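Residue numbers (my numbering): 117 to 409. Glycine included, every Cβ here is placed at the ideal spot set by N, Cα and C. This one's a predicted model, so the numbers in the text were calculated from it and none came from an experiment. Heads up, the thing below is written out as structure tokens.
Below, the structure is given as structure tokens:
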């Protein structure tokens with residue numbers, strides 16, 4: 117029983133969960149900063165966001181296994197479906213269950229915020245499948261990075277903010293850029309690590325298209341650009357405390373160095389580190405917003 121639970125926890129990919137959690141917290145903190153906050157709605161939004169991310173991870177396992185992307189030469193963490201520890205049919209059924217749970221909870225948000233949230237939710241679920249499934253899998257066409265930036269950055273933050281306030285705001289939009297970039301870079305490290313093995317499975321990621329050196333440079337440039345929005349928000353708000361996330365620049369610099377010098381399985385540490393960077397940045401952002409209210 118304990119072993120089975122551990123297998124499912126690993127399949128959830130807990131180290132990547134900040135990509136689903138942090139954007140919701142950031143969107144909620146911006147709303148709180150502006151005088152709007154409903155903890156019940158925020159909790160439902162968070163559950164839905166994490167459920168969509170976990171569903172994406174599960175569907176990714178199923179289709180990567182079917183397409184041969186999780187073979188014996190895999191450098192990343194062990195995958196439950198590829199190693200037959202979880203049957204693909206079981207993973208599919210659990211994914212369907214999560215989708216139903218997400219849709220049911222999401223209807224509470226729709227009742228409050230309107231049909232626009234329904235559209236966002238349905239499109240998010242469709243893309244959770246289309247990321248690696250269907251006739252045109254985004255992750256296999258070099259488009260997965262764009263999907264991650266949009267849905268785990270801009271839409272997640274602005275959507276959360278809209279549920280809280282029922283309006284759009286440019287500060288909320290700007291706040292979604294950094295988590296989108298860091299989430300995109302989590303995927304980027306994964307793809308740099310697998311740049312030699314992905315093409316054999318027909319997986320032509322952005323890293324494969326660019327080549328290793330350019331993919332590493334893009335990771336570095338994006339890590340730097342992620343800090344531009346917080347400076348703009350500071351200029352708009354004229355409140356120094358919102359600059360708290362800037363202290364993570366030192367850690368970002370370490371990760372930039374490591375993405376150039378580490379190879380193979382050693383890049384798993386850079387991948388996990390990028391997730392930590394997103395987590396720490398996001399928590400400091402939320403703290404800055406709460407303290408500056």
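Around the Cβ of residue i, are there at least 16 other Cβ atoms within 10 angstroms (buried) or fewer (exposed)?
i, result
"residue 180", "buried"
"residue 205", "exposed"
"residue 253", "buried"
"residue 300", "buried"
"residue 137", "buried"
"residue 341", "exposed"
"residue 200", "exposed"
"residue 248", "buried"
"residue 197", "buried"
"residue 177", "buried"
"residue 318", "exposed"
"residue 119", "exposed"
"residue 314", "buried"
"residue 347", "exposed"
Using a Cβ-Cβ cutoff of less than 7 Å, which residues in the same chain neighbour residue i once the five nearest sequence positions on both sides are dropped?
i, result
"residue 149", "405, 408 and 409"
"residue 221", "160, 163 and 164"
"residue 215", "171 and 241"
"residue 282", "229"
"residue 330", "none"
"residue 217", "167"
"residue 261", "300, 303, 304 and 322"
"residue 243", "263 and 267"
In chain order, what residues of the same chain lie with their CB nearer than 6 Å to the CB of residue i, ignoring the 5 residues before and after it?
i, result
"residue 274", "288, 289 and 292"
"residue 316", "none"
"residue 335", "301, 304 and 375"
"residue 361", "346, 397, 400 and 401"
Starting from the C-beta of residue i, find all residues in its chain whose C-beta is less than 8 Å away, skip the five residues before and the five after it, and write them out in chain order.
i, result
"residue 345", "290, 291, 293 and 294"
"residue 257", "320"
"residue 225", "157, 160, 161, 164, 233, 237 and 279"
"residue 364", "393, 396, 397 and 400"
"residue 152", "280 and 281"
With a cut-off of 8 Å, do at least 3 Cβ pairs link the stretch 301-308 to the stretch 385-393? yes
Enumerate, from N- to C-terminal direction, the unbroken alpha helix (DSSP H) stretches of 4 or more residues contained entirely within the stretch 357-381. 365-377
So, do the stretch 358-374 and the stretch 323-330 have three or more beta carbon pairs nearer to each other than 8 Å? no
Taking contact to mean 3 or more Cβ pairs, one atom from each stretch, closer than 8 Å, check whether the stretch 278-287 and the stretch 224-240 are in contact. yes
Segment contact flag, the stretch 130-144 with the stretch 203-219, C-beta cutoff 8 Å, min 3 pairs: no
Mind pulling the alpha helix (DSSP H) runs of 4 or more residues that sit fully within the stretch 253-322? 260-265, 272-281, 286-291 and 293-309
To test your reading of the DSSP string, which unbroken alpha helix (DSSP H) runs of 4 or more residues are found completely within the stretch 319-345? 322-326 and 328-341
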